[in-house]
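Residue 53 is where the sequence shown starts when you use the working numbering, and the numbers rise one by one after that. Ideal placement from N, C-alpha and C gives every residue a C-beta, glycine not left out. Predicted, not measured: the structure shown is a model, and the values here were computed from it. To start, the structure under review is shown below, and the notes come after it.
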Amino acid sequence: MIRSELVNKLCHDFPDLSQREIETVVTGIFNEITVQLAKGGRVELRGFGAFSTRQRDARTGRNPRTGEQVEVDAKKVPYFKPGKEMRERLNLSEVTAE
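Pasting the structure below:
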């Protein structure tokens, strides 16, 4: 599902809200998660999961086109850990789909 599909689904589920209002809410949620992660914070959505960052050390990588070695700087990367309820629902759907 992409962002526009999410907005369309929410428009269908909440017909009393305009598409513009729903887009504003979705954008606000995504922006706030990004801001908190940029500050080094953590965002936990109970029953869904938690967003945080992980530190990646500097390393030597390879350019796949030329095979030349390149230095890759240390960086922070986003990390998502699904919540217990989400994991249970995902595994439940595998059992019922068989």
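Close CB contacts of glutamine 88 within its chain, under the 6 Å cut and outside five residues either way in sequence, are with Val95 (chain order). Judged by DSSP in its simplified three-state form, glutamate 120 adopts coil rather than helix or strand.
Cβ atoms of arginine 98 and glycine 135 come within 8 Å of each other, at about 7 Å. Phenylalanine 66 and isoleucine 74 do touch by the CB rule: their CB atoms are close to 7 Å apart, below 8 Å. With a beta-carbon spacing of about 7 Å, glutamate 123 and alanine 110 fall inside the 8 Å limit used to define contacts.
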